[in-house]
Structure formats: structure tokens, C-alpha cells
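For reference, the structure is listed below as C-alpha cells.
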Amino acid sequence: MRKFNIRKVLDGLTAVSAVASASSAAQQQQAGNRETEIQETLQSEHFQLCKTVRHGFPYQPSALAFDPVQKILAIGTQTGALRLFGRPGVECYCQHDSGAAVIQLQFLINEGALVSALADDTLHLWNLRQKRPAILHSLKFNRERITFCHLPFQSKWLYVGTERGNIHIVNVESFTLSGYVIMWNKAIELSSKSHPGPIVHISDNPMDEGKLLIGFESGTVVLWDLKSKKADYRYTHDEAIHSVAWHHEGKQFICSHSDGTLTIWNVKSPTKPFQTITPHGKQLKDGKKPEPCKPILKVEYKTTRAGDPFIILSGGLSYDTVGRRPCLTVMHGKSTAVLEMDYSIVDFLTLCETPYPNDFQEPYAVVVLLEKDLVLIDLAQNGYPIFENPYPLTIHESPVTCCEYFADCPVDLIPALYSVGARQKRQGYSKKEWPISGGNWGLITQSYPEIIITGHADGSIKFWDASAITLQVLYKLKTAKVFEKSRNKDDKPNTDIVDEDPYAIQIISWCPESRMLCIAGVSAHVIIYRFSKQEVTTEVIPMLEVRLLYEINDVESPDGEQVPPLPTPGTGSNPQSIVPQSHPSTSSSSSDGLRDNVPCLKVKNSPLKQSPGYQIELVIQLVWVSGEPPQQITSLAVNSAYGLVVFGNCNGIAMVDYLQKTVLLNLGTIELYGSNDPYRREPRSPRKSRQPSGAGLCDINEGTAVPEDRCKSPTSDVKDNSFSRSRSSSVTSIDKESREAISALHFCETFTRKADTSPSPCLWVGTTLGTVLVIVLNLPPGGEQRLLQPVIVSPSGTILRLKGAILRMAFLDTTGSLVPPAHEPWREHNVPDDKDEKDKSKKRRPVSVSPSSSQEISENQYAVICSEKQAKVISLPSQNCIYKQNITETSFVLRGDIVSLSNSICLACFCANGHIMTFSLPSLRPLLDVYYLPLTNMRIARTFCFTNNGQALYLVSPTEIQRLTYSQETCENLQEMLGELFTPVETPEAPNRGFFKGLFGGGAQSLDREELFGESASGKASRSLAQHIPGPGGIEGVKGAASGVVGELARARLALDERGQKLGELEEKTAAMLYSADSFSKHAHEMMLKYKDKKWYQF
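Count along the sequence shown from 1, then add 5; that gives the number in the working numbering.
Shown next, in the form of C-alpha cells:
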């Protein structure tokens, strides 16, 4: 523990705002003396930055593989990412450093390893026997482009096909090339006059490992005899080949072609196909060929003991099915099922009972990898139902527009949300268990509840259980259902504020204790929700319309602007008739035909049935003013103890009493200042220039610039950062300057003026020009009186100044502990009145966890204010700035949060220049400063958030959430928390050859590949052909973790953890894996076929 005194802090007081610097030195000294009592426990060694887990659907998937023994699924992406899935809750994310697209993945079945082939012509061997998989070897091809790979089951020789039509062979033990090469001209000889094209398929005959089937793109297929080094048969077809598959007996194979046909060939009849099928072709009369169809991109041929084989294919639809969705076709006997998919098919795999290619395959499911989804089809049930997907892959069901993260929530929240969400589940899924069931869960070392809330472009909100580095959807709320959907062409101008997605969520304000939820949408609408476990039908949706405009009339002097008298609450009995106006002179309907007093969306006027969960309390909409649409909402706050919601935009601020359904405050930003306005503002010209709204919030595709106010610092110059604001030139610089938006709002119970002797309820308002203003709330007593008497709202006159737009405010008590805003505990509202009445007055009393309510007069509080440029700690009630920290000079802070960690609190900031920083409170000492990632797009800026216990997250791609931690303790425990992908499993026994097959030949023929491909037989490969690159061997790059404030010891410990060499974890299987490789490698081939546990990796 360390005590802090005020030492050099007084030096910083010269730069404090005019209000604070007017205080006497004696007051400052007194504040300083009091400050010495606060003990700060957080030190830099409590902090360390590392990524924890990545959730969601792999963005832009490109490859798929499955280990049928380990039951692990692997997905590769176009950006070089690798995602591995085991049983629900066991997931892993890895990244190829080059970022090149993954074109193919091949498991070393039941060996805990995986080969990836990339578009930059590299091969990588991944070790999956550690919690964080790592690359053991890489091989970079220099002269040829990789197009297809094949690794036979229980073999260490990988066949690699190239664009030139050649096949090279790689030893996966040493990751070196064999001298054995199959050249394209030798393979086809004189069967074709032209080059046969790239290799599109390689596989060995299931019954004879010495025969290799090679498919060339042009339509030629060759059966190559590996021993005699010549082709046994050549099969030519005039249509290009996309894929090839064997019948398990090795006597037939099937090819899929670019004209939508399948050809089945008998191995010993190369002259013509045994059968040609056009699955989706219209059969014409007169025996003519069916019309050509779209290419069949992939086919699989799977046999069953009991019945007909399955032929499963993707593509092949006829060309006249325009607009038809992508399909997977399952042909079984005489039945053909066409299964429509929501997105285009990237790849599919049939899951079979056996890993042996020479046995009856017994398919039981099909994994279909779509562009934006993963579907598993149950082949064993009639109608081929799909399995219910247990992975959190639906984050992007509608594009994510904002998210919030809450760690250490009330323990009853997740069960409550789960119980209402369970009713929303779809029916009709397969009754079987999810078949991807490999791996083991990690140890749960974090026991606190965590919730993530995502807001989406279609107006939906999803609540996720994010406890213990897992993710599971709990409940989905559709906010758009309160609005009329059908918009005629005449109504089009209504939604001018955005081009599309008028219901998109922009801001979420949630109080976990009271369960009150408030959202702000892109069409300048705010909806307040209450949580209920009862179903209810709302006859009339409570609604308010607010006319919030920014205007300085030309005739008035800007200097003499006074705060107008506040409107009296409760001016109308019907909430729907209330249109509060702060400028009566401009509020009448425009005579020149301009749209006026009309909201952007139309609320339904029919009764609304509301299921258990979140139910509408009130809808508030900003209206058009004299032909100008309402500006989008920039900040929002709700308080359950006060029954108030407040929101602001670049025109001003509005406060609503949601219990009485009245508007309490409706002021232009300038009017908040009264006569204290520090800016000389020019009057606006009579014709208002239409300010472009920040539409395009939902446009989160890569590489699109989003003109969004909340992401670009209004105060920083364009040259500060690579982001320039694409603003319309019609908005003059004077108008830009005077458009001061509300950027932060915080309800609290604190000292509002210097002369205050006790704290009282108030609202702190922060603006984009760095001003903090305080509004006093005079609340009536609880119970019945709260609903009958008006809430009185008045500006306090207190003004504080910081550099840059205000982002976040919080309050500390005299001991330096966080003072959370007052809240009302949750209770069920939809219960009969008589039962509820006697508890009402007792339960409605606000619960403030703040120690301030019982403070003595002599005790003070501290306001912590974070802006885009700096942070200040201000002593209250004296309003002296006692600590100040300039966070960044050249960039700006995108997100700042005051969070708890290790029984203390700190300020965490994410800057646009990619730095993550933390500061102690109240002294604002720097504790962590790590360059994490540059702000590459607006999506990161819009979704980055910190929460308690050292947790943070952001949307790393349109479909994935990346979680990270800045807590040293979590970094240390991460290894234990992560699941294990590899578990020791016995390889199933090989199929029995049977007595007669053994006697008379037949059955599977084995091949001594070592003899053929080893250096002694085939010689050395050309050195210039490929270059071997040793992998990091499991020591993952500790870039994020290696921050300047973490000791060498911690880094070394992390490295040991990541290599799976932590002493406590050296169990027998790990030790065997690490230390037996050398002795086994000499005899690897023989031993591998006989004994499962003899491993042959070289680490």
C-alpha cells in the first residue's frame, strides 16, 4: 500500500478552469491535506494486457476440416485466422502471421495436429496438444502455387498438388520435401495435347494405398501407381472437374463437373463413365441431353451397411432458378432432398462413424459452412432436421451497431434473463446431441456473472451470458415492433434522417440492479423498458414527442441570452398530446409546407401484446422542426431511483419523467449556460443549413468510412489522426463550433454548488466543447406523492472545463471508493394492486449504495471527469481540481471507463492511436500504457468498452467479439481457464479383412511409403523448390502482454504457461509428448501404425 500526498499537484492548478482557479490557496491546501488520507492499492504490477477469447462466427470463412476421432472442427478464413471448435464452451482462435487466406485444412487424425495450406503457398503444421495451439513447422513453396493437399489416414506423407499440375510429397514429421515428384506430363503422357490444368483432387484408393487418384481441372483423371511411377488408367471427360470422391470399396469413384453433372466411373473402365447424372437437370424427351446446370462445386459419396449410399453435393441448380437460395442436395436411393441455405455454401463435410476410408462410412450428419453461418444436418432422421447450434455464432444475425459489457452483475440477473429467453427458442431441431463434442472445459477460476448487450441494425438487442470466458445468448428484444412497418412512398421523407435501418440501436443505457433499460435509436427515438416476468397487453403505447432545436434568432443579441423559465410539468393529461416547446415562436406548423412537428417513425396505435421480458414503459421521439429533421441522439442516461431519463444531441438536452410521462427539461445547449456562456456565438443565418446526420451507423463492412460524430473527436484537427470527418461543406466552421453536442450524462447524489453543505440528487452534463454543467433535481417524496407532485429541475450555475469532449464522469467518496448512482431494486410491476399497495412506499425508496447519504458535513466527494484529451479529479464541494492528467496530446480518447479492479478503482482509456492506458484514482498516476491495436475502422471505435475486474471487449470483425483483459491476475489464470482441444482417445480398430479376402487377396493393400518417398529411395528434393521455416514451437508472441509495466518474471511465466510447461501441469501425457519425440522419430513409421501413443513430432 502506498499513501499519496498532494506534493506537486498544486503546480497543476494553474491550468484549471476559471471557476476552480478562483478558489483561494488555503482551500486548495485544505483539500490536499484531506487527500493524504486516501490510500491507493493499485500498482503497475496489477496490470497486464492480453487477449482472452474470440467469440462469434469466423469472418469470411474459406476452409473446413473435421477430426472424426477427436471430434474437433476447424475453420479457416480469408484473413488467415483459424478457429477450432470442440464441445460447446471449448473454442480456440489462432492466427497465421502472414494474414494470407486459408485454402485447405487437414487434420492428422487423432494425433492432435493440423496442417493448413495458405494462398501464399505456405504449409503450416499446428500443434493442438496445448491450450493455445502453435505452429511447429512451416514450408514455403517458391516456384509453385499450392492448389490441393491430401494426407491419408495414419500416414506421415502429405501429397501437395500445384497449379502447374505437379504433385510434391512432404514429410510431416520433419516438414521437408521428398525427392519423389509426380510431374503432370508423366501423369497424362499423350492422352491430352494441352496442359491438363491445376490439380483439383488427390486421394489414394481406399483399398490400395499404392494407387493415387489425381484429378486435373480440365477434366482428366489419372490413377497413378506409386511403386511403378506410371499411370495405370486415364479417364478423360470434356467438362471441367470440381471434385472427386471414392466409393469405400475402391472400385468406383464419382466426379462433379462444371455443367452440373456427376459422372460415376468404374476404376477399370476408363473409356467412358459408368453413369452420368444431372441431379437438377430437366430431362428432355427424345433422349436428348438435359440442359446444362450450374457447376457442382463438391460431391461426397458415403456408403451404409444397411441401405443405399448417400451422394451429397453443393451447387448444380439449373440456370432458370434465378433468385433461388443456395442448396445442398442429399441423394439417398430414389429420394433427392434439396435443402435451402440462407447464405452461399463455402464448404461442407459429411461426418461418418469411421475414420477408415476402406470401411462402410455410415454417415450421420453433414456440416455445412456457409458464408455467415454454420449448419449441421442430421442425416439419420426423416426430413433431415438441423441440430440446434450451441456456439455463439449469431452475433451478426443483424449487424452490430453498439455494445456494452457488464462484469460483476447481480447474481439473479442471468437466471431471470435466461428464463424469459428460453420461451423464444425455435422448435423442430434434431433430438440428438451436438456431434462436435471433442475437448475438455477449462477450470472456472472467475465466479462473477458477466453480461454483454449488443444493439443491432434491425433494432434488436441481445443479452449474452459472458461469464467465465464463454458466451451464450440469453434473451433477444425486438425494439422495432413498437413502430408501424408499412411505409408508403408518401411517407418516405419521414425517414430522411437515415437511408436504411431506421430502427438501428445507437446507445444502450442499462441499470443492472433495477433492470431498467433505455435505448436510443438512429431515428432520434428513445424507448424505456421495464423488466417483467408476466405477459401483458398494452392498449395504448405511452408516447411523448419532443421538439428539440438549436436556434439563435437574428434579432436577439447572443450575449444577452438568458435561461428561459422551465416548462411546468404535467401540462396535458394525455401524454400523446404533449409537444413541449422551448421556443414557442417557431413551434407552429410551417406555412411554407416544410415538414414540422412530425417524428421520423410512427408508433403503432393498436394494442401490443408484450411477452415476459422487457416491456415498453415509454416511447420518446424527437420531431422535425421547420423542414429540418431531428438530430441523432449523442448521449443517454436513465435512473430508476429518480424515475428520470435524459438524452441530448447537438441541439440540446431533454429530460423526461417516465413515471409521470412528462417532459421536465427541453433546452438548447447554449441555454444551459445562461449568462455564463464562455463562447461568443454568432447568430445563425435565417435559412438553416441542413446538417448531415450520422447515418450509415450500420454500414460496418470493411473499408467503408462512416461519417459518425461519436467516433471522430470534434475538438481534434484532421491532421491529428488519419480519420477525417466527411462533413458537408454547407456546415460552416462557425456553425460547427456553435453546435455544441451533449456527449456525457451522469445522475448522482453529490454537491452541486460550492456552498452546499450536503449532497443532493443532480445531473452532470458534459459537452463536446469540454464543459461540465450541473443540473439540480428536486424530487418529491416517494410513494403516491412521487406520481402526483412535479419534479423540479434547475441549472445550478456550476461550470467546469476540460480540454476535449467529455466522455465519462464518476464520483468517489471521502475514502476514494466509487459512489454508484442511486437505484431502485427490481420488483415485479405487473401484479394486482392490492397486494402491491402495502409494499409500494417501502420498496420505492431509492437504494443508494453511496456512503454519501450518511456523510458528515465536513466530508467531501471527488468528481472524476474524463475527456478526449485529459482527466481531472475535482474535490467537492470546493470544486478545486486536485489532480490532472493529460492523457494524449496528438490523438484522442475513444472510450474511457471508471472501473473496479482488485478491490480498488481505476480509469481505463482506449485511444484512437491504439494505446490502452489505465490511471489510478484519485491521483491519476499512469499504471499501464500498451500499444494494442490501431483504430482501423469505425466499428472498433463504436464497440470498444471496458468493464470491472479487468475485462474489455470490442467487435474485431462484423461477426466476432474479441475479449481482452488488462488484469495481471486474469492473465495468469488464463491458461487454466482455457479449454483443452486434444484429449487422449483410442483410435477405432481397423475393419476386419475377413477370412476369404485374406486368403484370396483383396481387402486393403498397404504400402511402405517410407521405402518410396524416403531420401534413400527418392533422393533429395530441389532446395530452391521450398524453404523450411521452424515454428515458434508453442511460445506465442507475447506482444500484448509484454507491456512496459510488467516485470520480466511475469513475461517468463506467461511464456512457460503458453508452452504447456507449467510445472503443475506436467502430467504423463504432456511429458511423453514433449520429451519422447527424438527417440521415436527414427522408428516413427512402423510404430505409428501399431501404437497410438508413440508420437513423432519434432518440437
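Note that beta-carbon positions come from the ideal geometry of N, C-alpha and C, so glycine has one too. Quantities reported herein were computed from a predicted structural model and do not represent experimental measurements.
By the beta-carbon neighbour count (other beta carbons within 10 angstroms, threshold 16), Met-922 is buried.
For Cys-976, the enclosing alpha helix (DSSP H) begins and ends at 973-982. Collapsing the DSSP output to three states places Val-177 in coil. Tyr-678 counts as buried, since no fewer than 16 other beta carbons sit within 10 angstroms of its beta carbon. DSSP places Trp-189 inside the alpha helix (DSSP H), whose first and last residues are 189-193.
Secondary structure at Thr-948: helix, using DSSP grouped into helix, strand and coil.
If the five residues before and after Thr-82 are omitted, its C-beta is found closer than 7 Å to the C-beta atoms of Pro-63, Tyr-64, Gln-65, Pro-66, Ser-67 and Val-107, all from its own chain and listed in chain order. Thr-459 has Cys-408 and Lys-467 as its beta-bridge partners, per DSSP.
Val-74 sits in coil when the DSSP states are folded into three classes, being neither helix nor strand.
Contact between the segment 340-348 and the segment 370-386 is established, with three or more Cβ pairs separated by less than 8 Å. With distances taken between CA atoms, Ile-658 lies nearest to His-751 out of Gln-477, His-751, Gly-321 and Phe-180. If you keep only unbroken beta strand (DSSP E) runs of at least 3 residues inside the segment 277-345, you get 280-282, 301-307, 315-320, 332-337 and 340-345.
The beta carbons of Pro-278 and Ile-269 sit closer together than 9 Å. When secondary structure is reduced to three states using DSSP, Ser-261 falls in the strand class. The straight-line gap separating the alpha-carbon atoms of Lys-483 and Glu-518 is approximately 22 Å. The beta carbon of Leu-958 lies closer than 6 Å to those of Tyr-410, Ile-966 and Arg-968 in the same chain, with the five residues before and after it left out.
Taking Leu-784 as the centre and dropping the five residues before and after it, the same chain places the C-beta of Tyr-647, Pro-766 and Val-796 closer than 7 Å to its C-beta, in chain order.
Our two residues, Arg-832 and Leu-333, have alpha carbons roughly 50 Å apart in a direct line. DSSP, read as helix, strand or coil, puts His-247 in strand.
Ala-427 is classed as exposed because its beta carbon has fewer than 16 other beta carbons within 10 Å across all chains shown. Counted as a single uninterrupted DSSP element, the stretch harbouring Thr-964 is not any alpha helix (DSSP H), since DSSP gives it neither H nor E.
Closest option to Cys-916, judged by alpha-carbon separation, among Pro-927, Asn-891 and Glu-622: Asn-891. Distance from the Cα of Ile-903 is smallest, within the candidate group Phe-1018, Cys-55, Glu-974 and Ser-822, for Ser-822.
Note on Arg-88: 16 or more other CB atoms within 10 angstroms of its CB, so buried under the neighbour-count rule. Here DSSP, grouped into helix, strand and coil, assigns Asn-271 to strand. In the displayed model, Phe-90 falls within a strand according to three-state DSSP.
A check of alpha carbon separations from Leu-381 across Leu-906, Asn-115, Gln-366 and Thr-355 identifies Thr-355 as the nearest.
With respect to the 9 Å criterion, Leu-123 and Ala-70 are not classified as neighbours on the basis of their beta carbons. Between the alpha carbons of Lys-614 and Thr-543 lies a distance of about 6 Å. Our two residues, Glu-438 and Asp-383, have alpha carbons roughly 10 Å apart in a direct line.
The three-state reading of DSSP puts Met-814 in strand, counting E and B together. Scanning Pro-996, Gly-1036, Pro-1035 and Leu-929 for the CA closest to the CA of Gln-366 turns up Pro-996. Its chain contains Ala-473 as the residues whose beta carbon lies nearer than 6 Å to that of Gln-451, once the 5 sequence neighbours on both sides are disregarded; these appear in chain order. Leaving aside the five residues that flank Gln-511 on each side, the residues in its chain whose CB is nearer than 7 Å to its CB run, in chain order, Thr-406, Cys-407, Ala-525, Gly-526, Val-527, Gln-637, Ile-638 and Leu-702. Beta-bridge partners assigned by DSSP to Cys-871: Arg-813 and Ala-876.
For Leu-807, there is no enclosing alpha helix (DSSP H), as DSSP marks it with neither H nor E.
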